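Chemist:
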Amino acid sequence: MRRLLAVLLLLATLAALGLSGAGASAIAIAGALGVTLILILSPRPPEPPAAPQPAPEPDNCRRVDMELIEAIGDPVLITGDGRVDAANAAARKLLGEHIVGEDIRVAIRHPAAAERLITRAEPSDSRPIELVGLGGRDSRWQMNVAALPDGRTLVHLVDRSEGHAAEKMRVDFVANASHELRTPLAAILGFIETLDDEKAGGDTATRKRFLRVMHDEARRMQRLVEDLMSLSRIEAEKFRAPHTAVDLGALVREVHAVIRDGGNDRSRDVAIDLDESLPFVSGDRAQLSQLLHNLVGNALKYGRPGTPVTVGTSAGPGSMIRLSVEDEGEGIAPEHLPRLTERFYRVDPGRSRAVGGTGLGLAIVKHIVERHRGRLDIQSAPDKGTIVTVLLPPAPIPLSSNGNASVTGG
Amino acid sequence: MTEHTLRAFDDEIVELRGLISEMGGRAEAAIDNAMTALTRHDLDLAGNVVADDKKIDELEIAVERLAVQILTLRAPMADDMRETVAALKIAGVIERIGDYAKNIAKRVSQISRKSKIEALSVLPAMARLASDMLHDVLNAFAARDPEAAVEVCQRDKAVDDFYNSIFRTLLTFMMENPQTIGEAAHLLFIAKNLERIGDHATNVAEMVYFSATGQYLPDRERGTASDEA
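Order-wise, the sequence lines are chains A and B.
Residues in the first sequence are numbered consecutively from 320, following the numbering used here.
Residues in the second sequence are numbered consecutively from 1336, following the numbering used here.
1) With distance defined between alpha-carbon atoms, name the residue in B:Val1428, B:Ala1484, B:Ala1436, B:Gly1360 nearest to Leu1380 of chain B.
2) Can you tell me which residues form a DSSP beta bridge with Thr502 of chain A?
3) Can you name, in chain order, every residue of its own chain whose Cβ lies under 8 Å from the Cβ of Ala405 of chain A, other than the five neighbours on each side?
4) Are Leu1473 of chain B and Arg402 of chain A touching if we call contact CB-CB under 9 Å?
5) Is there at least one Cβ from chain B nearer than 9 Å to Ala576 of chain A's Cβ?
6) From what residue to what residue does the alpha helix (DSSP H) around His575 of chain A run?
7) Hey, would you say Ala1526 of chain B sits closer than 9 Å to Ile1432 of chain B, going by beta carbons?
8) Could you check the C-alpha separation between Thr705 of chain A and Asn613 of chain A for me, to the nearest Å?
9) May I ask which residues mark the beginning and end of the alpha helix (DSSP H) holding Ser1500 of chain B?
10) Would you kindly work out how many angstroms separate the C-alpha atoms of Ser1561 of chain B and Tyr1498 of chain B, rounded to a whole number?
11) Give a yes or no on whether the minimum CB-CB distance between Leu1285 of chain B and chain A is below 9 Å.
12) Does the beta-carbon distance from Glu421 of chain A to Gly1353 of chain B come in below 9 Å?
13) Could one say the Cβ of Ala564 of chain A lies closer than 9 Å to chain B's Cβ atoms, at least one of them?
14) Kindly indicate if chain B contains any beta-carbon less than 9 Å away from that of Ile418 of chain A.
15) Taking the alpha-carbon positions, what's the Thr1515 of chain B to Arg1503 of chain B distance?
16) Could you check whether the Cβ of Val1487 of chain B sits closer than 9 Å to any Cβ belonging to chain A?
17) Check whether the region 675-687 of chain A touches the region 506-517 of chain A, taking contact to mean three or more Cβ pairs, one atom from each stretch, closer than 8 Å.
18) Among A:Val544, A:Lys703, A:Gly616, which has the Cα closest to the Cα of Gln671 of chain A?
19) His475 of chain A by DSSP, collapsed to three states: which one?
20) Taking the straight line between their C-alpha atoms, what separation do you get for Lys1424 of chain B and Val1398 of chain B?
21) Quick one: what's got a C-beta closer than 8 Å to His686 of chain A's C-beta in the same chain, skipping five residues either side?
22) For the candidate residues A:Ala505, A:His483, A:Gly582, A:Leu597, whose alpha-carbon lies nearest to that of Met533 of chain A?
23) My guess is that Leu473 of chain A and Trp460 of chain A are in contact by the Cβ rule of under 8 Å, so how many angstroms apart are they, rounded?
24) Does the beta carbon of Gly650 of chain A fall short of 8 Å from some heavy atom of the ligand ZN?
25) So what's Thr629 of chain A in DSSP terms, helix, strand or just coil?
26) Report the partner residues of Thr1548 of chain B according to the DSSP bridge assignment.
27) Just the chain A side, please: which residues come within less than 7 Å of Glu1347 of chain B by C-beta, in chain order?
28) Against chain B, with Cβ distances strictly below 9 Å, would Ala426 of chain A count as a contact?
29) Determine the DSSP secondary structure at Ala560 of chain A, reduced to helix, strand or coil.
30) In three-state terms, what does DSSP make of Leu467 of chain A?
31) So does the region 1447-1455 of chain B actually touch the region 1471-1489 of chain B, counting three or more Cβ pairs closer than 8 Å?
32) Just to make sure I have the definition right: I need the residues of chain A whose C-beta is within less than 9 Å of the C-beta of Asp1467 of chain B. Which are they?
33) Closest to Ala1364 of chain B by CA distance: which of B:Pro1411, B:Ile1348, B:Val1385 is it?
34) DSSP beta-bridge partners for Val403 of chain A?
35) For Ala1478 of chain B, return the contacting residues in chain A, with the cut-off set at a CB-CB distance below 8 Å.
36) So, under 8 Å CB-CB, Lys620 of chain A and Val674 of chain A are touching, yes? Tell me the CB distance rounded to an integer number of Å.
Here is the structure:
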């Protein structure tokens, strides 16, 4: 505390010296003292004296301003003399509740904004400014500034983060897809080269082994290309909801049979638990079959051998129909859950490749569910297992003669 | 904030906080740009960072002038007094942070484009931690939020740990590759600068806490970490 006082005393002395040195001399000091005295005498009255009523008109204007900008969804601020006069709810959410009355630079802490809003070198310059890192680190906002007739300034912020995120995702996707395609290709080419060598290629056992690997890698590439194609097909159709009535129970039984006959030892662990009284769902039969294959395939691949995988249907909330695939595997750590449906996102990359995963399975599932106007939910507890739940809308009830009668008879 | 009878006093305090925020925004941008320049080996950008540091220095002078003016003319009391003194000290600290960013930018030309030192790929993550601390402490300053300031202080340890691990990595690297000692030393200094930025962010946090509550932040235990080098 003593140090603080010393600093203050020093500063005060310096300032006084500076003032008198500048030639303002005694008058300035006297004035300063006077002001200081007044301040000391009444530094902060407990109750502000009934302030003279400001002319009603500007006040009214302010309120209209406030209501006007409050109705806008994007963050909007009005500044006068470099201070925030008004900020709408979106702006207060983005920049903090404290910003009204603060300097605009406190509200928007960005060099470009400071230059535009404080110095106002060219008021006529209305080009938008790109602000990076306002709010969150990777967010991007576009700031538009307009002069109001009363000399104040309107600041309008537009969120541009999404566009950049989408662009980044597209670039990432192309990079990932080409990488994924190149990996098996490199292996195939390597083995072809080796087989071409008389010594290595001559031995039947080795040749067989190599051909086996090449076959597996080629298959993996094929699966990947197929997955990529179905992904783009589902995406292309996403605005057209499928409307065929599909018997989900029958479809589950059918997929179950296909998987069981697939020859995989593990496939015997699949059990089904169907509610037979459910209505049909509104969907695309081929896509729902793919969804089931992907989910059951995942459960078999990542569940522990010998533990059951249960595919069940039941009535969901509202009139929706619930389809669930449950395994008793190792589960998925919570931090991975939000990213599971990203393309090429893998919880354990090495393992996923070892079991022949393309990294697109759940992305496809997500897109299929979205196209069906359904909901996808993944719950997982480490060491307990994972439950994937899909809610699908029921098929519209076909118009029977009864229905017709009531429509026409009314 | 309660209003003062003298509207001009209010205006001055608001202006003071505006200046500090502008300094902070420029310092943040300087760190980010310096690190971008480093990773992309962008000498023009590095030059901009060095040139822009002058603006931070000018702002510091403006803050000092205004703070002294407030102290002499308004004789502020209680929270106004703390606010003014804190602003004065924060300005000094942010000016230092700007210098560290400038220092990083100056080293960009010393590190060759083809440098394969592993630390080079880890430094951006460390810079992110440090500049996040600065970002959040400036938010705490803007909102006068003491809790947010305390939270920033707690994160300094992560930056220190980062520095120690980079220090060790670089030391090993220098021993194994004596021909790149020059470059590695520059990277080490960059890591040190980032570590200092983290420390200074906690200094700002302490002043924000003091200005908001009137209490000094309880002394945090100082690791021997940053004394190692």
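Yeah, the Cβ is synthetic: ideal placement off N, Cα and C, and Gly gets one too.
Computed from a predicted structure; not experimentally measured.
Modeler: Judging by the given coordinates:
1) Against the second sequence, residue 1380 of chain B aligns to sequence position 45. Nearest option by C-alpha distance: B:Ala1436.
2) Along the first sequence, one-based indexing puts residue 502 of chain A at 183. Bridge partners of Thr502 of chain A: none, in fact.
3) Residue numbering aside, residue 405 of chain A sits at position 86 when the first sequence is read from its first letter. Excluding sequence neighbours, Ala405 of chain A sits near Arg381, Asp384, Met385, Ile388, Leu396, Ile397, Val419.
4) Translated into positions along the second sequence, residue 1473 of chain B becomes position 138. Translated into positions along the first sequence, residue 402 of chain A becomes position 83. No. Outside cutoff.
5) Against the first sequence, residue 576 of chain A aligns to sequence position 257. It does not: the Cβ of Ala576 of chain A has no partner Cβ on chain B nearer than 9 Å.
6) Along the first sequence, one-based indexing puts residue 575 of chain A at 256. Unbroken alpha helix (DSSP H) run through His575 of chain A: 567-579.
7) Within the second sequence, numbered from 1, the residue matching residue 1526 of chain B stands at position 191. Within the second sequence, numbered from 1, the residue matching residue 1432 of chain B stands at position 97. No, these two residues do not count as a Cβ contact at 9 Å.
8) Position 386 of the first sequence, counted from the start, is the residue given in the question as residue 705 of chain A. Position 294 of the first sequence, counted from the start, is the residue given in the question as residue 613 of chain A. Roughly 14 Å separates the two Cα atoms.
9) Walking along the second sequence from the start, residue 1500 of chain B turns up at place 165. Its alpha helix (DSSP H) spans residues 1491-1511.
10) The count along the second sequence starts at 1 and reaches residue 1561 of chain B at position 226. The count along the second sequence starts at 1 and reaches residue 1498 of chain B at position 163. Annotation note: pLDDT 43 at Ser1561 of chain B (below 50); position unreliable, coordinate value reported separately. Near 8 Å, if we compare the C-alpha coordinates of Tyr1498 of chain B and Ser1561 of chain B.
11) A query on residue 1285 of chain B cannot be resolved here, the shown segment of chain B reaching from 1336 to 1564 and no further.
12) As a position in the first sequence, residue 421 of chain A is number 102, starting the count at 1. As a position in the second sequence, residue 1353 of chain B is number 18, starting the count at 1. Yes, they are a contact pair.
13) The sequence position of residue 564 of chain A within the first sequence is 245, counting from 1. Chain B places no beta carbon closer than 9 Å to that of Ala564 of chain A, leaving this residue out of the contacts.
14) Taking the first sequence and counting its residues from 1, one reaches residue 418 of chain A at position 99. Ile418 of chain A counts as touching chain B.
15) To locate residue 1515 of chain B, count along the second sequence from 1; it is residue 180. To locate residue 1503 of chain B, count along the second sequence from 1; it is residue 168. The straight-line gap from Cα to Cα measures roughly 16 Å.
16) Here residue 1487 of chain B is taken as the residue at index 152 of the second sequence, counted from 1. Answer no: the Cβ-Cβ gap between Val1487 of chain B and chain A never drops below 9 Å.
17) no
18) Your numbering for residue 671 of chain A matches position 352 in the first sequence. Note on residue identity: the sequence assigns Ser, not Gln, to residue 671 of chain A. Residue A:Gly616 is the option with its Cα nearest to Ser671 of chain A.
19) Position 156 of the first sequence, counting from 1, holds the residue named residue 475 of chain A. His475 of chain A: strand per DSSP, three-state reduction.
20) Position 89 of the second sequence holds residue 1424 of chain B. Position 63 of the second sequence holds residue 1398 of chain B. Cα-Cα distance, rounded: 10 Å.
21) Numbered from 1 along the first sequence, position 367 holds the residue referred to as residue 686 of chain A. Excluding sequence neighbours, His686 of chain A sits near Leu550, Ile553, Glu554, Lys557.
22) In the first sequence, the residue the question calls residue 533 of chain A occupies position 214. Nearest option by C-alpha distance: A:Ala505.
23) Position 154 of the first sequence, counted from the first residue, corresponds to residue 473 of chain A. Position 141 of the first sequence, counted from the first residue, corresponds to residue 460 of chain A. The Cβ separation is near 15 Å, so there is no contact.
24) Here there are no bound small molecules, and the ligand ZN is not part of this structure.
25) By 1-based counting over the first sequence, the position of residue 629 of chain A is 310. In this structure, Thr629 of chain A counts as strand in the three-state DSSP scheme.
26) Position 213 of the second sequence holds residue 1548 of chain B. Note: Thr1548 of chain B sits in no beta bridge, so no partner.
27) Here residue 1347 of chain B refers to the residue found at position 12 when the second sequence is read from its first residue. Going along chain A, no residue has its Cβ under 7 Å from Glu1347 of chain B, so there is no contact; the nearest lies around 11 Å.
28) In the first sequence, residue 426 of chain A corresponds to position 107, counting from 1. It does: the Cβ of Ala426 of chain A has a partner Cβ on chain B nearer than 9 Å.
29) The residue given as residue 560 of chain A occupies position 241 in the first sequence. For Ala560 of chain A, the three-state secondary structure derived from DSSP is coil.
30) The residue given as residue 467 of chain A occupies position 148 in the first sequence. In the structure shown, Leu467 of chain A sits in coil (DSSP, three-state: anything other than H, G, I, E or B).
31) Taking 8 Å as the limit for Cβ pairs, the verdict is that the region 1471-1489 of chain B does not touch the region 1447-1455 of chain B.
32) The residue you call residue 1467 of chain B lines up with position 132 of the second sequence. Arg456, listed in chain order.
33) Numbered from its first residue, the second sequence carries residue 1364 of chain B at position 29. Closest by alpha carbon: B:Val1385.
34) Residue 403 of chain A sits at position 84 when you count from the first residue of the first sequence. Partner(s): A:Thr398.
35) Here the question's residue 1478 of chain B lines up with position 143 in the second sequence. Result: Gly415, Glu416, His417.
36) Taking the first residue of the first sequence as 1, we reach residue 620 of chain A at position 301. Taking the first residue of the first sequence as 1, we reach residue 674 of chain A at position 355. Confirmed, Cβ separation roughly 5 Å.
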